[in-house]
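Here it is as C-alpha cells:
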C-alpha cells in the first residue's frame, strides 16, 4: 500500500477556503459559515495528520486511513473548485444554495469523522519522540522534533534551528510568491537527510540545490507555484523512493531531467512545463505512475510520443493546455485509466472513432470543462469503457449540438451531468436502455431541460434535476 500525505492536500484546500470565506466572494453567510467550520477542522487536524503521516510506514491501519482521507480531500477540493468557478463566473445569484450547503456540510462531517479516526489510531501507535512544531514556537527547545511547518518565510534569513537530524517533515508554504535564495533552501535540505516530506510551495528560486540528492528517504516533494524554477538537474533522479512530485505552476520549467527514468517509485506527478510534445520518457520511470496532471502546458501540441509510457496511469488531468488540438489514438493503450479530466483546452476536439471491438479500457469517470471547439465525444474512449464507465460530466461545450447514438450503449453509467451546453436540445435516442442510470442533472441548458421535461426517460429509480421551467417563471412574474 502506498503512503499518503493528505496534509498537503489540506493545505491547498485552505487557500481556496480563504477566498471563498471572504466577504468579496458574495456567497451567503450560511455557506461561508459551513466552509469556516471545515477550515477549523483542517487547521486543528493539521498536527494530527503530520504525526500520522510520519507513523504510517509501520502501520497499515494508518496507511489505509490516510489514503481514504486523501480521496475525501480530493473530492472536497473538486467541490470547492466548482463553487469557486461559480463565484468567479459571477453566477452567485443563481447558485443552488441548499445544494452547496448540504454538500459542504456532509463533506465537513465526513472530514471530522475521518480525522478523529486517524487521531485515535495515531494515539495508539507508540512514538514518544514525535513533537509537532510551528514557526511561532521558541525553536531553541525543539531538539527531538520530527515535523516542522510554517506559513510564509518571515524568518527566512535566520539560522536553521537546532532540531533533531531525524526530522521527517518540512512544510514551508507561502500563499503568495515569495523569493528566497538557493542557499536558504540548501541549508534546510543539507541539515535534515531523513526527510520523508518536503513542501516548498510558493517559494521562488531558480535551481533546486544538488544537496537534495542526499534525501534518500524522501517520498513527497512539492515545488509547486515556483515561477522562477527553470530546470531540474539529474541529482533529483537519485530520489529513488520519491512517490509524489508536484511541479504545478512552475511556468518557467523547460524540461525534466534526462535520467528521470530512474525515478522508479514515482506515483503522482503534477506538471507545468514548456514541452511541445509529451516525450517518451520510458516505461521504467512511469511503470508505477498512477496520477498525471498537466497544468497550463501552453505549448503542448501532442501527447502521442509519451502516451505509451503511461501503462499504469489511473488518473489523467489535462488542464489549460491551449495548443492541444486532439488526443492520440494510442490512448487506447491506457488500460488502467480510471479517471479522465479535461479542462480549459480551447482548441481541443475529441472526435475519436471506435477501432475494433476488443478494447479493454476501464474508465470509470469522464469529465470535460470549457472545451470551446468540442463537437464530438470520444467514442474510442467512452464506448471502449462501456462496462465500467459510471460518471460523465460535460460542462461549457458550446459547439456540442448533438449527443451520439452510441451513448445508449454505456450500460454501466450511473450519473450524467450536462452543464452550460446551450447547443444541446435533446438526449440521444435509446437512452432508456441505461437501466443503471440513477441521476440525470441538466443545468444552465434550457433547451435540453425542456426536451427532457417533455419526454422524460423511463428508467426505474432515476432522479432528474432540470433547469426551472421558463414558462412557469414567466407566469410568476406577471
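Numbering (my numbering), first residue to last: 45 to 522.
Even glycine gets a Cβ: it sits at the ideal position worked out from N, Cα and C.
Note that the structure is a prediction, hence the values are computed from the model and not measured.
To the nearest angstrom, how far is the alpha carbon of residue 95 from that of residue 429?
C-alpha of residue 95 to C-alpha of residue 429: approximately 40 Å in a straight line.
Could you give the first and the last residue of the continuous alpha helix (DSSP H) run that contains residue 363?
From DSSP, residue 363 is part of no alpha helix (DSSP H) but of the beta strand (DSSP E) over 359 to 363.
Quick one: using the 10 Å Cβ neighbour count with 16 as the cut-off for buried, is residue 25 buried or exposed?
It is not possible to answer for residue 25, since the shown part of the chain is limited to 45 through 522.
From 485, 247, 87, 264, residue whose alpha carbon lies closest to that of residue 508
Answer by Cα proximity: 485.
Of the choices 346, 357, 51, 356, whose alpha-carbon is the least far from that of residue 373?
Ranking the options by Cα distance to residue 373, first place goes to 346.
Run through DSSP, which three-state label would residue 398 get?
DSSP places residue 398 outside both helix and strand once states are collapsed to three, so it counts as coil.
Under 8 Å between the Cβ atoms of residue 59 and residue 79?
Not a contact, by the Cβ cut-off of 8 Å.
CB contact flag (residue 432, residue 408, <8 Å):
Judged by beta-carbon spacing, residue 408 lies within the 8 Å limit of residue 432, meaning their Cβ atoms are closer than that value.
Rounded separation between residue 316 and residue 459 - CA only
Going by the C-alpha atoms only, they are around 31 Å apart.
Should residue 202 go down as buried or exposed, given a rule of 16 or more other Cβ atoms within 10 Å for buried?
Residue confidence is low: residue 202 scores 49 on pLDDT, short of 50, so the model does not pin down where it sits. Its coordinate-derived value is still stated next. With fewer than 16 other beta carbons inside 10 angstroms of its own, residue 202 counts as exposed.
So is residue 84 buried or exposed if we call it buried at 16+ other beta carbons inside 10 Å?
Residue environment analysis places residue 84 among the exposed positions, since fewer than 16 neighbouring C-beta atoms fall within 10 angstroms of its C-beta.
Could you give the first and the last residue of the continuous beta strand (DSSP E) run that contains residue 409?
Its beta strand (DSSP E) spans residues 409 to 413.
Cβ shell of residue 155 (< 6 Å), same chain only, five flanking positions each side left out:
Excluding the 5 residues flanking it on each side, residue 155 has same chain C-beta neighbours closer than 6 Å at 85, in chain order.
Give me the Cα-Cα distance between residue 287 and residue 313, rounded to the nearest whole angstrom.
Approximately 8 Å between the Cα atoms of the pair.
Measuring CA to CA, which of 209, 222, 391 is closest to residue 231?
Nearest C-alpha to residue 231: 209.
Less than 8 Å separating the beta-carbons of residue 444 and residue 418?
Going by C-beta atoms, residue 444 is nearer than 8 Å to residue 418.
Mapping DSSP to helix, strand and coil, what is residue 255?
Look at residue 255 here: in three-state DSSP terms it is helix.
Could you please give the first and the last residue of the uninterrupted beta strand (DSSP E) stretch that includes residue 463?
459 to 463 is the extent of the beta strand (DSSP E) around residue 463.
Own chain partners of residue 149 with C-beta closer than 7 Å, once the 5 adjacent residues on each side are dropped
Closer than 7 Å at Cβ, skipping near neighbours: 78.
Report, in whole angstroms, the separation of the C-beta atoms of residue 333 and residue 361, which I expect to be a contact under 8 Å.
In this structure, residue 333 and residue 361 do not form a Cβ contact; the two beta carbons are roughly 13 Å apart against a cut-off of 8 Å.
Please report the Cβ distance between residue 258 and residue 275, rounded to the nearest whole angstrom; I am assuming they are in contact, meaning their Cβ atoms lie under 8 Å.
Contact flag wrong, Cβ pair sits at about 19 Å.
Inter-residue Cα distance where the pair is residue 470 and residue 496:
Rounded to whole angstroms, residue 470 to residue 496 spans 7 Å at the Cα level.
Pick helix, strand or coil for residue 507, following the three-state DSSP scheme.
Correct three-state label for residue 507: strand.
Ranges of the beta strand (DSSP E) found wholly within the region 290 to 369, counting only runs of at least 3:
List check, beta strand (DSSP E) in window: 312 to 315, 335 to 339, 359 to 363.
For the alpha helix (DSSP H) containing residue 53, name the first residue and the last one.
Where residue 53 is concerned, the enclosing alpha helix (DSSP H) stretches over 50 to 64.
C-alpha gap between residue 54 and residue 145, whole angstroms:
Rounded to the nearest angstrom, the two C-alpha atoms are 20 Å apart.
Ordered along the chain, which non-local residues of its own chain (more than five positions away) have a Cβ less than 6 Å from that of residue 283?
Within the same chain, residue 283 has close Cβ partners 262.
Pairwise C-alpha distance: residue 248 and residue 213:
Distance between the alpha carbons of residue 213 and residue 248 is about 20 Å.
Roughly how far, in whole angstroms, is the beta-carbon of residue 44 from the beta-carbon of residue 320, given that I think they are within contact range, below 8 Å?
A query on residue 44 cannot be resolved here, the shown segment of the chain reaching from 45 to 522 and no further.
If I'm right that residue 93 touches residue 51 with Cβ under 8 Å, what's the distance once you round it to whole angstroms?
Right, their Cβ atoms sit about 4 Å apart.
Straight-line Cα distance separating residue 103 from residue 161:
If you take the alpha carbons of residue 161 and residue 103, they lie about 14 Å apart.
Between residue 303 and residue 280, what straight-line distance do the alpha-carbon atoms span, to the nearest angstrom?
In this structure, the CA atom of residue 303 is about 9 Å from the CA atom of residue 280.
Output the distance between the C-alpha atoms of residue 378 and residue 384, rounded to the nearest integer angstrom.
Looking at the two C-alpha atoms, the distance is approximately 11 Å.
Do you know offhand how far residue 179's Cα is from residue 192's?
Note on residue 179: pLDDT 47, under 50, position unreliable in the model; no value is reported.
First and last residue of the beta strand (DSSP E) that includes residue 264?
Here the beta strand (DSSP E) through residue 264 covers 264 to 266.
Hey, would you say the C-beta of residue 302 is under 7 Å away from at least one heavy atom of the ligand HEM?
This structure lacks the ligand HEM, and indeed carries no ligand of any kind.
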